[in-house]
Amino acid sequence: MVKTHVQDLASMGQPLSLSALIARAMARISGWVRRTLAPRSPYRVGDAVVAEDPFNGRREGIVVSRRGPSVGVGTAAGIYYVDHRLLKRQD
Numbered sequence: 020m021v022k023t024h025v026q027d028l029a030s031m032g033q034p035l036s037l038s039a040l041i042a043r044a045m046a047r048i049s050g051w052v053r054r055t056l057a058p059r060s061p062y063r064v065g066d067a068v069v070a071e072d073p074f075n076g077r078r079e080g081i082v083v084s085r086r087g088p089s090v091g092v093g094t095a096a097g098i099y100y101v102d103h104r105l106l107k108r109q110d
């Protein structure tokens with residue numbers, strides 16, 4: 020059955036302008052593009068890795084978290100967060 024009457028958004032208490040609708044759509048698209056083009060780590064949670072940090076030395080452990088380009092490596096001494104470019108897979 021087809022509705023012959025559609026309730027106006029202005030009468031629902033939330034007036035909606037075309038510019039607000041376009042702004043909301045553009046914000047959604049730009050957020051998607053930003054997430055798509057952002058650097059991501061190729062390592063998955065549970066992978067055994069070696070972190071070769073020039074300042075903190077070598078740390079061996081397992082990936083426990085990922086957030087953008089940063090990876091949390093769980094070692095016996097604790098969790099260290101390093102850039103994914105400093106990691107290598109264990110042999």
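Just so we're aligned, residue 20 is where the sequence shown starts under the numbering used here, counting upward by one.
All residues carry an ideal CB built from backbone N, CA and C; glycine is no exception.
Delimiting residues of the alpha helix (DSSP H) encompassing residue i
i: Ser38; result: Leu37 to Leu56
Start and end residues, beta strand (DSSP E) containing residue i
i: Ala67; result: Ala67 to Asp72
i: Lys22; result: Neither: Lys22 is in no beta strand (DSSP E) and is coded neither H nor E.
i: Leu106; result: Leu106 to Arg108
i: Ser60; result: Ser60 -> no beta strand (DSSP E), and no H or E assigned at all.
i: Gly76; result: Gly76 to Arg86
Among the options, the one whose alpha carbon lies nearest that of residue i
i: Val83; options: Asp66, Asp102 and Asn75; result: Asp66
i: Phe74; options: Ala42, Val21 and Leu105; result: Leu105
Inter-residue CB distance, residue i and residue j (contact presumed, cutoff 8 Å)
i: Gly80; j: Thr94; result: 4 Å
Across the segment 84 to 103 and the segment 48 to 65, are there enough close Cβ pairs to call them in contact, namely three or more that are closer than 8 Å?
yes
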